[in-house]
Amino acid sequence: MPPSFDVRLDDLTGARAESREAAQDSDSILAGPPSELGVNKSPTRQNQRYGDDASPTRQSQHHGDGAWSTHPVLGDERTFYIETFGCQMNVHDSEKVAGVLLGRGYQQVETVDAAKLVFYNTCSIREKAAQKVFSRLGEFRKHPDHGKVIGVLGCVAQQEGEEIFERAPWVSLVCGSASYSKLPTLLAQLEAGNRRVTGLDTDTDETFETEMTRRDNPFRAYLTIIEGCDKSCSYCVVPYTRGPERSRSSASVLEEVRKLAGAGYSEIQLLGQTVNSYRDPAPRGKTFAELLVTVAAVPGIRRVRFTTSHPRDFGRDIVEAIDSVPALCDHVHLPVQSGSTRVLRAMQRTYTREEYLEKIALIRSARRPISVTSDIIVGFPGETEQDVAETLSLLDAAQYDGVFAFQYSPRPNTASLQMGDSIPEEEKGRRLAIVQDRQREIQVARNNELVGQTFEVLVDGASRRPGQWTGRSSSNRILNFSSPRSDLLGQYIQVRATGASPNSLVGEQII
Ligand code: 5AD
Ligand code: SF4
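Residue numbers (the numbering used here): 815 to 1325.
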């Protein structure tokens, strides 16, 4: 999901500290999940039952496989719990996995305790994110009699493969993000009593489509239109963990959108690591811009979002589509990663600073204002003070509405691993703070200019304080607002902005 302008009512009332430290593994200026792959704070944390041991890693050296020979089997007890780390793609993959399980007669439960089958859907974009699953798995270490069947899904599964069985012998299933289409088969094997099953191919040309997807967000439906990534950014694990690009046919996308509209969803978010690299596999298929227009025309659909866009494939036709179709949201997440052409080249981003700024100019030339957000990496190997200065001047030139900034994290199977990790962590932290401070100033100024304007808001939350609500504009801004009305959830209403903070607006409903 794109960086949200994300401070909720609780933040404004001081219930949650808005600090850099709070954004632990995202190093991000903003509190929402970033989108090129990003980090999503795991939705459920209530399952911290098995103690605090966060270092399971050398397990098998002590216990050996034999200690776990009484491996639990699934049997008739059909309950599952799934915890998700990482980006919107992962969140949506988990919804599909849940759909597959529900279709097999399983029941979803809210805690590890209550579950027979426990799945972790993992993220390996940065080291800190990848470590989280091992800390979760470590919680089972002291409880060999937990009686649960444990599965690791997602990017860490793809990356570590069967090594996970070595590190955590109590795991029964390892299935990478490129192999989910095999999940029903793998589940059947588990149900038949197999102790260890794996799905680790990345050469599959199928996309993961399910008959039934259990959607968690009642207002916004996610829909993956392209899986994998064919770019080869030198720092990024995604092409390795998610495999090559595979687009879904526009016919099947539209069929699902119609079903979603029929089920009451009015907002659709189309997902892909490089969503605008979409290539309809059908003969005479639709371009990405055409697909956007067609999805927006489905009766009942009021908002269509898409993320994440890659600058190289971002063309005028997308801007024209947004300009001519009001249901296409006026927000583009267009990660730049660095303002220095020298660093962009080392990152293999396929564009220069100037070419990127031309894309920004294209977006700014639209008839209606389109908000733009970005991702930035600081501390890439060999990044100089001059490079950082160029990133800061790019922030000034681009005038983003939100930025997710990250400290570079060397990852396995990436080209930049060979370049070393020359910038000390402390210096990365300093650069991160400089970038965040500059961006915060930009956002304060931009948001202040919006005070007095009216926004159409889809209400998606109610505060504990009576009369206080929260929702998003088409531009993905968070508006925390007051209204005397009740039952606003899920409604589109008009809100006038009366105040601004760096990451959100406050306002009041216009009645
Ligand atoms: N180190 C730090 N940040 C990274 N990202 C991707 N790979 C890395 C890495 N190895 C960032 C990029 C991407 C965002 C989701 O995560 O900015 O756009
Ligand atoms: Fe990773 Fe680059 Fe692909 Fe984005 S475009 S998923 S950063 S390789």
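Using N, Cα and C, we set each Cβ at its ideal position, and we do this for glycine too.
Check, Outcome
"Hey, would you say the C-beta of S1154 is under 7 Å away from at least one heavy atom of the ligand 5AD?", "no"
"Apart from the five residues on each side of it in sequence, which residues of its chain come closer than 8 Å, Cβ to Cβ, to T1088?", "I1040, C1043, D1044, K1045, E1059, T1122, S1123, H1124 and D1127"
"To which residues does DSSP link E1081 through a beta bridge?", "R1034 and R1117"
"Would you identify the three-state DSSP class for N935, choosing helix, strand or coil?", "strand"
"Out of V926, E1081 and E941, point me to the one whose CA is closest to L951's CA.", "V926"
"Strictly under 8 Å for the Cβ-Cβ distance: is P1195 near chain D by that measure?", "Here chain D cannot be found, since the structure has a single protein chain."
"What ranges does the alpha helix (DSSP H) occupy inside the segment 1164–1223, keeping only unbroken runs of at least 4 residues that lie completely in it?", "1167–1178 and 1199–1212"
"Between which two residues does the alpha helix (DSSP H) holding E1322 run?", "Segment S1318 to Q1323 is the beta strand (DSSP E) holding E1322; no alpha helix (DSSP H) there."
"Have a look at the DSSP bridge pairing and note the partners of F1102.", "None, per the DSSP bridge assignment."
"Ends of the alpha helix (DSSP H) at Q1257?", "E1239 to L1264"
"Which full runs of the beta strand (DSSP E) of 3+ residues lie inside the segment 985–1073, going along the chain?", "985–989, 1011–1013 and 1034–1038"
"Buried or exposed: where does R1286 fall if 16 or more other Cβ atoms within 10 Å of its Cβ makes it buried?", "buried"
"Considering just the uninterrupted stretch of the beta strand (DSSP E) at L1272, what are its terminal residues?", "T1268 to A1276"
"Is R1252 near the ligand 5AD, with its Cβ less than 7 Å from a heavy atom?", "no"
"Here's a check: name, in chain order, each residue in its chain whose Cβ is nearer than 7 Å to the Cβ of L1208, leaving out the five neighbours to either side.", "V1150, G1153 and R1167"
"List the whole-angstrom C-beta distance separating T1038 from H906, where the pair is believed to meet the contact cut-off of C-beta under 8 Å.", "6 Å"
"So, under 8 Å CB-CB, A1135 and A1103 are touching, yes? Tell me the CB distance rounded to an integer number of Å.", "4 Å"
"Can you name the start and end residues of the alpha helix (DSSP H) that R1156 belongs to?", "T1155 to M1161"
"Taking buried to mean at least 16 other C-beta atoms within 10 Å of its own C-beta, is M1026 buried or exposed?", "exposed"
"So A931 and L888 are supposed to be a Cβ contact under 8 Å. How far apart are they, rounded?", "The displayed chain sequence assigns Leu, not Ala, to residue 931. About 7 Å separates the two Cβ atoms, so the contact holds."
"Is the CB-CB distance between N935 and I978 below 8 Å?", "no"
"Can you determine whether any heavy atom of the ligand 5AD sits closer than 7 Å to the C-beta of P1149, and answer yes or no?", "yes"
"I need the DSSP call for E953, collapsed to helix, strand or coil.", "coil"
"Can you tell me whether K855 is helix, strand or coil according to DSSP?", "Caution applies to K855, whose pLDDT of 32 falls short of 50 and renders its modelled position unreliable; the value that the coordinates give is listed next. DSSP places K855 in coil when its eight states are reduced to three."
"Using CA coordinates, which residue listed in Q972, R981 and G961 is at the minimum distance from F948?", "R981"
"Nearest by alpha-carbon distance to N1031: which of D1274, V1309 and S1066 is it?", "D1274"
"Here's the rule I'm using: 16 or more other beta-carbon atoms within 10 Å means buried, otherwise exposed. How should E953 be labelled?", "buried"
"Since A1212 contacts S1188 with CB under 8 Å, what's their CB separation in whole angstroms?", "7 Å"
"Smallest Cα separation from Q1328: which of A1110, Q1162 and I1191?", "Residue 1328 falls outside the range modelled here, since the chain spans only 815 to 1325, and no answer is possible."
"With distances taken from CA atoms, which of K910, G1007, A929 and K942 is nearest Y1222?", "K942"
"How is S1289 classed by DSSP in three states: helix, strand or coil?", "coil"
"What's the gap between the Cα of G846 and the Cα of G1313?", "Annotation note: pLDDT 33 at G846 (below 50); position unreliable, no value reported."
"Look at the alpha carbon of T1021 and the alpha carbon of Q922, and state the distance between them as a whole number of angstroms.", "24 Å"
"How many Å lie between R1119 and S1138 at the Cα?", "15 Å"
"Who does T893 pair with in a DSSP beta bridge?", "Q921"
"Classify I1325: buried if its beta carbon has 16 or more other beta carbons within 10 angstroms, exposed otherwise.", "exposed"
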